[in-house]
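The numbering of the sequence shown is the working numbering, which starts it at 2 and goes up by one. Virtual Cβ for every residue (Gly too), placed ideally from N, Cα, C. All figures in this text were calculated on a predicted structure; none of them were measured in a lab. Read through the structure below, which is laid out as structure tokens, and then see the notes.
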Amino acid sequence: MGLGGAVLSRATAVGIGALFYSPALGNGERYPQTALSLPGSTLMPELPSNLNEIAAAEGTIDLPYRIYGDLSQYTLVATPTEGSIPAEVPVRALAFDPTTSSYSFTSNDTPPIVLSFPIIHLGSSSTTSPAEPAEVPIYTGVTLTPLLVQPETLPAVELPDFRDCIYCFPAETGLPPIYVVFNSPYEGATTRGKYSGRSFNPAKAGGPILDLDWTSATVTQAGIDLVKLHTGRFSPSDANDIMINRLEKILRGELAISAVDKRFYTHELRELERFRALAVADGVNPTDDGVIWNNTHAATLEDYKLKDAVESLYTPDAIEADEKQREKEYRQIGGIKR
Numbered sequence: 002m003g004l005g006g007a008v009l010s011r012a013t014a015v016g017i018g019a020l021f022y023s024p025a026l027g028n029g030e031r032y033p034q035t036a037l038s039l040p041g042s043t044l045m046p047e048l049p050s051n052l053n054e055i056a057a058a059e060g061t062i063d064l065p066y067r068i069y070g071d072l073s074q075y076t077l078v079a080t081p082t083e084g085s086i087p088a089e090v091p092v093r094a095l096a097f098d099p100t101t102s103s104y105s106f107t108s109n110d111t112p113p114i115v116l117s118f119p120i121i122h123l124g125s126s127s128t129t130s131p132a133e134p135a136e137v138p139i140y141t142g143v144t145l146t147p148l149l150v151q152p153e154t155l156p157a158v159e160l161p162d163f164r165d166c167i168y169c170f171p172a173e174t175g176l177p178p179i180y181v182v183f184n185s186p187y188e189g190a191t192t193r194g195k196y197s198g199r200s201f202n203p204a205k206a207g208g209p210i211l212d213l214d215w216t217s218a219t220v221t222q223a224g225i226d227l228v229k230l231h232t233g234r235f236s237p238s239d240a241n242d243i244m245i246n247r248l249e250k251i252l253r254g255e256l257a258i259s260a261v262d263k264r265f266y267t268h269e270l271r272e273l274e275r276f277r278a279l280a281v282a283d284g285v286n287p288t289d290d291g292v293i294w295n296n297t298h299a300a301t302l303e304d305y306k307l308k309d310a311v312e313s314l315y316t317p318d319a320i321e322a323d324e325k326q327r328e329k330e331y332r333q334i335g336g337i338k339r
């Protein structure tokens, strides 16, 4: 699975770097095609004076307009009183992380979303010549449609999946809040799983949802070999390496099997079955922006009646290893220097 971040917005002139996004662990997990970030005052010029308190309490505020994104554009919609579009937008607090020199937030969503705004040093300290502006990567993918003066009005049956939020920097920074919108990352993912809560396309998931039980799993060498075969198609993952190492210790009798081990083991085996049912060759990672993986991953969670939560499939040390790997990849992609 690729766990690196992606530059999603331009660096500001206040010493805060580009917005980085990372989902939680998941083999082959992809990132949203884009994220749109705007000053919080764009949609509501007079923001509440106690916005930071609302953020600390993980509250909401009502906005007169909201934005949602799909694979091709972002759309502005109105939230009229007693209308079909809910006006409540989550407000969350960013916290400074001294280990990464960034302001970050980890959501309670399933799976969690991690946002990071690294602190950057703008230019040199020279007083004889102006610093050269930092080069910012240019995104060439999805088309950003200009927001219309007249927002759309949507009937209730066409309500989009809003993925927006206002993020507040600590009050002492003096930085204004920002409004961030993620688009839907997987094409055709229009069905939300009953147990997982994850959006996917059941018709392209490698077969129907089955009633499976992970609790009776027994680790075998053949099973471990298949887990290695399946996870090997994705980008290198320190977390997967740790989980596979645990399975090998369990097989040798050096470690007692846990519920997490059983869930990881059965999940990878079932996901492999679904890949094969879709005629995806072993060892091949489809170049489809993660659509096949998302469908098979979500369907496998449904097979075992599992919530899409990182701790269901990975142990704390595996999650910690992923976080360290992600931080390293952030630095490599964004050129962040501590």
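{"query": "Find the nearest neighbour of Y315 within the set A57, F265, I62, judged by alpha-carbon distance.", "result": "F265"}
{"query": "Would you mind sorting S42 into buried or exposed? The rule is 16 or more other CB atoms within 10 Å of its CB.", "result": "exposed"}
{"query": "Which runs of the alpha helix (DSSP H) fall wholly inside the region 269-331 and span at least 4 residues, in chain order?", "result": "292-304, 311-314"}
{"query": "Look up A172 in the DSSP assignment and say whether it is helix, strand or coil.", "result": "helix"}
{"query": "Given that a residue counts as buried once 16 or more other Cβ atoms are within 10 Å of its Cβ, and exposed if not, what is K195?", "result": "exposed"}
{"query": "To which residues does DSSP link Y104 through a beta bridge?", "result": "F97, F118"}
{"query": "DSSP puts S200 in a beta bridge; with which residues?", "result": "R193"}
{"query": "Step through the CB atoms of chain C and report whether any lies within less than 9 Å of the CB of R253.", "result": "Here chain C cannot be found, since the structure has a single protein chain."}
{"query": "L77 lies in the beta strand (DSSP E); which residues open and close that run?", "result": "75-79"}
{"query": "How many Å lie between Y69 and Y180 at the Cα?", "result": "12 Å"}
{"query": "Going by alpha carbons, who is nearest to D262 out of D318, S85, A56, N51?", "result": "D318"}
{"query": "Around the Cβ of L149, are there at least 16 other Cβ atoms within 10 angstroms (buried) or fewer (exposed)?", "result": "For L149, the predicted model reports a pLDDT of 38, less than 50, meaning its position is unreliable; a value from the coordinates is still stated below. With fewer than 16 other Cβ atoms within 10 Å, it is exposed."}
{"query": "Taking all protein chains shown into account, do 16 or more other C-beta atoms lie within 10 angstroms of the C-beta of A322, making it buried, or fewer, making it exposed?", "result": "buried"}
{"query": "Ignore the nearest five residues each way along the sequence and tell me which others in H231's own chain have a CB closer than 6 Å to its CB.", "result": "E269, L273"}
{"query": "Once you ignore the five residues that flank T80 on each side, which residues in its own chain have a CB closer than 8 Å to its CB?", "result": "D63, L64, P65, Y66, R67, I86, P87, A88"}
{"query": "Using alpha carbons as the reference points, say which of E330, V90, R164 lies closest to S238.", "result": "E330"}
{"query": "Where DSSP assigns a beta bridge to P91, which residues make up the other side?", "result": "T61"}
{"query": "Can you pull the DSSP bridge partners for D165?", "result": "V182"}
{"query": "Contact between the region 98-105 and the region 44-63: three or more CB pairs below 8 Å?", "result": "no"}
{"query": "Within the continuous beta strand (DSSP E) that includes G70, where are the two ends?", "result": "66-70"}
{"query": "For a test of the three-state rule: what should DSSP assign to G41, helix, strand or coil?", "result": "helix"}
{"query": "For D212, which three-state DSSP category applies?", "result": "coil"}
{"query": "Reducing DSSP to helix, strand and coil, say where G224 ends up.", "result": "helix"}
{"query": "My output table needs one value for F265: the three-state DSSP class, helix, strand or coil.", "result": "helix"}
{"query": "Can you tell me whether A218 is helix, strand or coil according to DSSP?", "result": "coil"}
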